[in-house]
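Remarks on the structure that follows.
Protein chains: 4
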Amino acid sequence: MKKVEPVRIWEDMKVSELVDSMGDAGFGAGKINRAAQIMGKMFSDEKCKVFVGLAGAMVPAGMKQIILDLLDDTDVLVTTGATLTHDLIEALGDEHYLLEDSDGDFDDGSLNRKGFDRMYNVVMRNRVYENLERFFVVNWEKFKECKTIKDIVWKIGELCPGTSEDCILKKCYKKKIPLFCPALADSGIGLMIWGRKASGKEIFIDAFEDMKEIIDISWTARKTGVIYVGGGVPKNFIQQSLQFSKGADYGIQITADSPEPGGSSGAPLKEGISWGKLKKNADFADVRCDATIALPLILGAVRGKSKKP
Amino acid sequence: MKKVEPVRIWEDMKVSELVDSMGDAGFGAGKINRAAQIMGKMFSDEKCKVFVGLAGAMVPAGMKQIILDLLDDTDVLVTTGATLTHDLIEALGDEHYLLEDSDGDFDDGSLNRKGFDRMYNVVMRNRVYENLERFFVVNWEKFKECKTIKDIVWKIGELCPGTSEDCILKKCYKKKIPLFCPALADSGIGLMIWGRKASGKEIFIDAFEDMKEIIDISWTARKTGVIYVGGGVPKNFIQQSLQFSKGADYGIQITADSPEPGGSSGAPLKEGISWGKLKKNADFADVRCDATIALPLILGAVRGKSKKP
Amino acid sequence: MKKVEPVRIWEDMKVSELVDSMGDAGFGAGKINRAAQIMGKMFSDEKCKVFVGLAGAMVPAGMKQIILDLLDDTDVLVTTGATLTHDLIEALGDEHYLLEDSDGDFDDGSLNRKGFDRMYNVVMRNRVYENLERFFVVNWEKFKECKTIKDIVWKIGELCPGTSEDCILKKCYKKKIPLFCPALADSGIGLMIWGRKASGKEIFIDAFEDMKEIIDISWTARKTGVIYVGGGVPKNFIQQSLQFSKGADYGIQITADSPEPGGSSGAPLKEGISWGKLKKNADFADVRCDATIALPLILGAVRGKSKKP
Amino acid sequence: MKKVEPVRIWEDMKVSELVDSMGDAGFGAGKINRAAQIMGKMFSDEKCKVFVGLAGAMVPAGMKQIILDLLDDTDVLVTTGATLTHDLIEALGDEHYLLEDSDGDFDDGSLNRKGFDRMYNVVMRNRVYENLERFFVVNWEKFKECKTIKDIVWKIGELCPGTSEDCILKKCYKKKIPLFCPALADSGIGLMIWGRKASGKEIFIDAFEDMKEIIDISWTARKTGVIYVGGGVPKNFIQQSLQFSKGADYGIQITADSPEPGGSSGAPLKEGISWGKLKKNADFADVRCDATIALPLILGAVRGKSKKP
């Protein structure tokens, strides 16, 4: 037991100082501090392979640069088809917009007539699908060599506009960060591929082939660390591959879901100890918080302190 | 506006009477009633194709019979690999167990030593994977003809022990209910397929092929209804296919997740109106509740009243 | 450990049968069953004093009859001023209304112009305050003898229209159920008392006097049981008085709040063991659920089975 | 609509820069920014009376200095008896401690034997009550002149050790900030007063008298702003008094509770427009977040930018 020490704030305070100040606080504040410490350790432990599982509408919400920054220390990224679709949409020149804040009241009938698709208080034009489709039509021949989902998403990264500074797909391709997306079919990108296939343009992408690579990385890693932003398939796919490691040494989870209903997205990291997905003596922290608040704060503290490699 | 009428209870009250009694109540109670009414309409509307999206550890929690019952009125089931894996585990003779209720405190280190894998207050023996593996080793040749994920899960349903009365996979196969599982790779069944492939036993399963069928069903349906239990890929994959319908006519969602963090799992059905996934004048109800409580209550009210077909 | 047994439903199923069927289920379903069992035990244990803590807008939501039913087995009721104010409003002939279900979107500006006060999807006319005021103006002289908050609320119960069949205040007064409301000032009834006092009509109500009685009941009870519906002051005031017992023998909590942010309303019952508010070997269950769903289901199961005394 | 602009972080970034960077982000991040902007406006609007409603175990969690800082711009503080009790406990020299982070698993039986009372992952020694009792025994005569709850809590502030730099009670007393606590009976301080009264030491504290003062402040204020940290009685008591203003001009709410179950603590600020508690065109933001994370971040941004008065 250590004494609770009050969090303090001051003029010109830095993000890293705020998070340091939370170091002897209870509840969520203490967990933010703990997550930042663990992230720092994970990033500076050269033996450690860092797996990032990313779910939720983080790109539409404006978290793209935070994720790009996180990729500087990421060895494996697993995400949803939606994340990659929104990233590609922005790479192709389209945008996301904020609705006037009206605390949860949105006129979806009117948005539909005006051609906007809503994700809480963010929207995009429905016609972004036209640019998406053009991208796949124009580049389709180049996708034919792809055999796995990872091949496809790296290929998109190779072909799409943008740079490692502003596009997740591009950065993963350029930096050769393995990028997995088991449910790519469940996304706008998936629809585009279906559209091509429906037009008789064949392509064969094996649904299970990428498992070899992620399990190999897990199997051969000397140490592993996980960062789960949201739950869903990205978290579970990493958890599953960790059964082939000795269990993660470091773990951070940021989720707004609760454990009581029993789903994987709200399950505490600790549950993974029973499965062998997390070491019994691992350094880990569960942060129950909207990830658009917690992730910039945690990564801001980590980056705020030390130069990036 | 109608007057709030108090919910009442009495001796020997039936489930359908309790839910009827909630008809003029506010908050969650009123939504349970509304969901039951909509489910009844959806099931009795012969023009309506019913899409069920099922996420969360419902089989381990003891909801298998409820889902089997729901399948009597289901035209399309989309679920997670975990749901099907736990269903297969039970079909192969293994079991799930309840931990002594201790309100959230579980000794995962001890469970790990004893060989139990935990999902909140439910566990299974880690050695269930042995029976799973044997099933795939013995039957592997028969899977080689499979081309899509739906082929695989129907084939499992064909080959596994059990009946339509106690196995989801078997019932979907026997009743020819299209069963989709875009992220099957992300599950114990996925691991078994990876294991066979890793041993040089080739199989080619296309990751996108099933999209044709679900989009066709959506496209050609005169009316559509959705029932989302949990969110995740199952919800999103149905939502995506509904963009090719005129939007769902009926909708029920049971989730414990909140809308504010912006993820798809907590997004209210209403948001789908902007995307064209839900008709503006659809009958729909969002129930924010643990699905193991709400689903038996709602379906119990529907089944309690009228004989099943 | 016991085996998970699936929940089943059937035609004409009774509420008590549904809840029985949840007895070997995980997650929320199992907790509903456990809460019903504990409630049954608590009610039939003649040595046990039952303390009910009631928060949240349960009367506006249509839970009044459920609470009246619960009072048949209640020895002490602690609630909010709002609960009693809405109960009195109904006793005086006014009503609560349901807004058209529109999934969270409500035009509060328009409601304001039309004179309606909103609580989620329930409203009441703002002019209910006129009847309230009249009641206190007419009866004011009779309140002057009151010395404690309990005196006031029992006096309201004595003077207000209605019967033990339709009014919480009346039933507590008639059945001499001690009724405590530490924050009565924080309510419409509080405003009426302030209004009288502001008009120079003196009355002196001691803010601490009721503590004696609730602590005496706790101190002298051979066994104690608690039922918390929502948290807030009602839960905490009972918890505090239980420090003078040997700790509760039985406990049920129904709340939608989470433990992680550290507030009393979301704190699991188990935390009370450290304080001595709950016995280490007590029978207790935390149900994380909207109380308008869980309470009718649990009490419905208890009442459904056995005749009320 | 404005374009979503990604949040960015950099080395040595300041808290105010991080929150500025969230200005064009969606979901929780955007709300943090909006809350900080509104807080800044509220504090610099000289016509505006700022009402702070404070619930939850903020002092045990280490938020005391944040609250003390907030008091520099607070005109009225309404809080729980627990907040003031924990503040007094620290003023009397006792401490709060952090439990080893074990993600929700705490051995309450063992804590009880060792004499620790738990609030999530924070504990205090049960014997802090001895110092509390001594304080009231020694000073009891000086409390006899108190007539209202505000008199008592200011008197505690006058008599207790500590300074405006480290004690909320002291600062409110010294700076003459009206401090209301309608449910003071429901707290350790309440127990001490009960203890004195039970020993025959009479004191008469009117339960309703403080309403005059808070309603007067609300009634006469040219403009009003509210900051709700948690819900409960503090929020509701301020909301109630605002019915006597023209409705608040500014509003910030930080709560982890959800609107769907219909309770006041989770109710969005917007609901207050129907009641006339909030102006239709008010500047307001609801932040759904653990307050130990959101409040230091928001106030840190406000203070980080501009010198305190």
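These protein sequence lines map, in sequence, to chains A, B, C and D.
The opening position of the first sequence corresponds to residue 1 in our numbering, with each subsequent residue numbered one higher.
The opening position of the second sequence corresponds to residue 310 in our numbering, with each subsequent residue numbered one higher.
The opening position of the third sequence corresponds to residue 619 in our numbering, with each subsequent residue numbered one higher.
The opening position of the fourth sequence corresponds to residue 928 in our numbering, with each subsequent residue numbered one higher.
Built from N, CA and C at the ideal position, the CB exists for glycine as well.
All figures in this text were calculated on a predicted structure; none of them were measured in a lab.
Interface flag for isoleucine 650/C against chain D is unset, since no Cβ pair is found closer than 7 angstroms.
Using a Cβ distance threshold of 7 angstroms, asparagine 960/D and valine 979/D do not count as a contacting pair. At a cut-off of 7 angstroms, the C-beta of tyrosine 120/A has a neighbouring C-beta in chain B. In this model, threonine 1001/D and cysteine 1099/D are separated by some 10 angstroms (Cα to Cα). Glycine 200/A is classed as exposed because its beta carbon has fewer than 16 other beta carbons within 10 Å across all chains shown.
Contact between the region 988-996 of chain D and the region 1206-1215 of chain D is absent: fewer than 3 CB-CB pairs across the two stretches fall below 8 angstroms. Taken through DSSP and simplified to helix, strand or coil, glycine 989/D comes out as coil. Put simply, the CB of glutamate 260/A is near chain C, with a gap under 7 angstroms to one of its CB atoms. Three or more Cβ pairs closer than 8 angstroms define a contact, and the region 220-233 of chain A falls short of that threshold against the region 103-116 of chain A. Residue contact check for aspartate 1184/D against chain B: no CB pair falls below 7 angstroms. Against chain C, a Cβ distance below 8 angstroms from methionine 351/B picks out nothing, because the smallest value is about 17 angstroms. When the five nearest sequence neighbours on each side are left out, the beta carbons in the same chain lying within less than 7 angstroms of the beta carbon of methionine 1119/D are those of Leu1059, Glu1060 and Phe1063, in order along the chain. Among the CB atoms of chain D, one or more fall inside 7 angstroms of the CB of aspartate 414/B. DSSP lists Ile227/A and Ala285/A as the beta-bridge partner residues of isoleucine 252/A. Scanning Ile707/C, Trp758/C, Tyr846/C and Gly727/C for the CA closest to the CA of serine 882/C turns up Tyr846/C. By the Cβ rule, the region 938-957 of chain D counts as touching the region 6-25 of chain A, because three or more pairs are nearer than 8 angstroms.
In this structure, threonine 766/C places its C-beta atom within 7 angstroms of the C-beta atom of aspartate 828/C. Distance from the CA of lysine 1102/D to the CA of leucine 1004/D, rounded to the nearest whole angstrom, comes to 12 angstroms.
Taking 8 angstroms as the upper bound on Cβ-Cβ separation, chain D lies near no residue of the region 349-383 of chain B. The Cβ atoms of cysteine 785/C and alanine 709/C sit closer than 7 angstroms to each other.
The continuous beta strand (DSSP E) containing cysteine 975/D extends over residues 975-981.
One finds Glu878, Pro879 and Gly880 in chain C with Cβ atoms closer than 9 angstroms to the Cβ of glycine 28/A, taken in chain order.
The residues Leu1015, Ala1018, Leu1019, Phe1062, Cys1094, Leu1096 and Lys1097, in chain order, have a CB closer than 8 angstroms to that of cysteine 1087/D in the same chain once the five nearest residues on each side in sequence are set aside. Listed by position along chain D, the residues whose Cβ is nearer than 7 angstroms to that of cysteine 289/A are Cys1216, Asp1217 and Ile1220. Of the residues assessed, threonine 781/C falls on the exposed side of the cut-off, its CB having fewer than 16 other CB atoms within 10 angstroms. With fewer than 16 other Cβ atoms from the protein chains shown falling within 10 Å of its own Cβ, arginine 745/C counts as exposed. Counting along the chain, phenylalanine 143/A sits inside no beta strand (DSSP E); it lies in the alpha helix (DSSP H) bounded by residues 128-143. Among the residues facing chain A, leucine 408/B is not included, as its CB has no counterpart in that chain under 7 angstroms away.
Taking a cut-off of 8 angstroms for Cβ pairs, the region 287-305 of chain A and the region 654-674 of chain C do not touch, as fewer than three such pairs fall below it. Taking C-beta atoms under 8 angstroms as the contact rule, phenylalanine 1070/D and isoleucine 1130/D qualify, at a distance of about 6 angstroms.
At a cut-off of 7 angstroms between beta-carbon atoms, aspartate 249/A makes no contact with chain B.
With a threshold of 7 angstroms between beta carbons, methionine 1/A makes contact with chain D. In this structure, the straight-line span from the alpha carbon of serine 245/A to that of isoleucine 347/B is close to 47 angstroms. Close CB contacts of alanine 803/C within its chain, under the 8 angstroms cut and outside five residues either way in sequence, are with Gly699, Ile811 and Trp812 (chain order). Interface residue (Cβ-Cβ distance to chain B less than 7 angstroms): proline 800/C is not classified as such.
Among the bridge pairs identified by DSSP, phenylalanine 734/C is matched with Arg743/C.
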